[in-house]
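Numbering (my numbering), first residue to last: 1068 to 1464.
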């Protein structure tokens, strides 16, 4: 740095307020020693800054110090090249905080010096010492993390709730949970209806039809959520949540929880068995060979959406669109239409509309330019010649 101006800032701190009322106190003594050190480095271009950074009566165990925060702001603004302290512990007494400060200094190419400990990060020996201290800081972080993990594991082994947003149906109660009766009734209803319907998709449709959704809740931080219909993903998570049967799972181990269960063991086991059977059944099928184009888009005479379903005979698979009452067994009226026939009829109608762009424009209540008419006519020819299978592939590509 020789031949260049090196901007220096002095930081001082005293833990107690005792003696600060004196004309020449501990902060002044630290500042004077640091000032003398900067003067001794004048040949290297060191120049003392005009601002003082003094924290009186504040512990070194925290970074929430007014003068330190002003210092860090000036460091971030690249107004300081070297920070000079009387001792390293004036900067901080925590190795963890020390490593954070060093990261902030490095980000702005700022060094620091301890005048009584021959500690200077502008030299190779100073950087070696710094690396050693940072190694200890890393060790402290890892040991602390291990202690936290061990404490969490031990607490969960005793059945304690270790924080976070509890599942629907529960509210935090210290290191346990208490049941919210109104919400718990929804959980039990979901489990019982799943056993009857044997399908999460049908369950989601039924809950939406009946106006049963996730109650609106608020997190500990005040963030509101819920108040919407249950998605299939939410229902799967609810049906798999071991908290409802009074268990806490941690690192592959199952522990008996302190909180009361919402779901009885027999009902829980039956639901888990059905979920497993349904998943294995889907895996054996290898997924749907032919997605239903009109699922959720066609309704029965009562205005209820038709559900896509199928039946198998040997290796053949027959798809249908069925009224919900017929599918769930909750009624004897409704319609059942072969999917291939319905999709073909809809495809032909769409092709017919495209064959006459003027009719399509009239339905959509728009005006067509000559170029739009030409483009629609060409598109119509393509659609008219396509089979329902081709349309299905194009739709899901």
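Ideal Cβ placement from N, Cα and C applies to all residues, glycine included.
Asked	Found
Please look up how many angstroms separate the CB atoms of residue 1193 and residue 1203, rounded, as I've assumed it's under 8 angstroms.	Actually they are not in contact, since the Cβ atoms of residue 1193 and residue 1203 sit about 16 angstroms apart, beyond 8 angstroms.
Count the other CB atoms within 10 Å of the CB of residue 1355; is the residue buried (16 or more) or exposed (fewer)?	Per-residue confidence for residue 1355 stands at a pLDDT of 49, beneath the threshold of 50, marking its modelled position as unreliable; no derived number is given.
For residue 1315, name the three-state secondary structure that DSSP assigns.	strand
Compare the Cα-Cα distances from residue 1247 to each of 1311, 1097, 1132 and 1304 and report the closest residue.	1311
Please name the residue, chosen from 1157, 1328 and 1146, that lies closest to residue 1097 on a Cα-to-Cα basis.	1157
Reducing DSSP to helix, strand and coil, say where residue 1211 ends up.	helix
Measuring CA to CA, which of 1412, 1264 and 1391 is closest to residue 1342?	1264
Thinking C-beta only, is residue 1321 closer than 7 angstroms to residue 1314?	yes
Quick check on DSSP: helix, strand or coil for residue 1382?	coil
Skipping 5 residues on each side, what residues in its chain have a beta carbon closer than 6 angstroms to that of residue 1160?	1127 and 1128
Please classify residue 1163 as buried or exposed, where buried requires at least 16 neighbouring CB atoms within 10 angstroms.	exposed
Could you tell me which uninterrupted alpha helix (DSSP H) segments, each at least 4 residues in length, are contained entirely in the stretch 1286-1316, listed from first to last along the chain?	1299-1307
Looking at C-alpha atoms only, which residue of 1222, 1219 and 1173 is the closest neighbour of residue 1198?	1173
Return the first residue and the last residue of the alpha helix (DSSP H) that residue 1253 is part of.	1248-1264
Apart from the five residues just before and just after residue 1329, which ones in its own chain have a Cβ nearer than 7 angstroms to its Cβ?	1236, 1246, 1251, 1254, 1255 and 1311
To which residues does DSSP link residue 1167 through a beta bridge?	In the DSSP output, where bridge partners are listed per residue, residue 1167 has none listed.
Taking 6 angstroms as the limit between beta carbons, can you name the residues of its chain near residue 1384, skipping five residues before and five after?	1377
How would you write the range of the beta strand (DSSP E) that residue 1149 sits in, first residue to last?	1149-1152
Mind checking whether residue 1292 and residue 1280 have CB atoms under 7 angstroms apart?	no
Less than 7 angstroms between the beta carbons of residue 1181 and residue 1155, yes or no?	yes
Does residue 1077 pass the burial test, meaning 16 or more other C-beta atoms within 10 Å, or should it be called exposed?	buried
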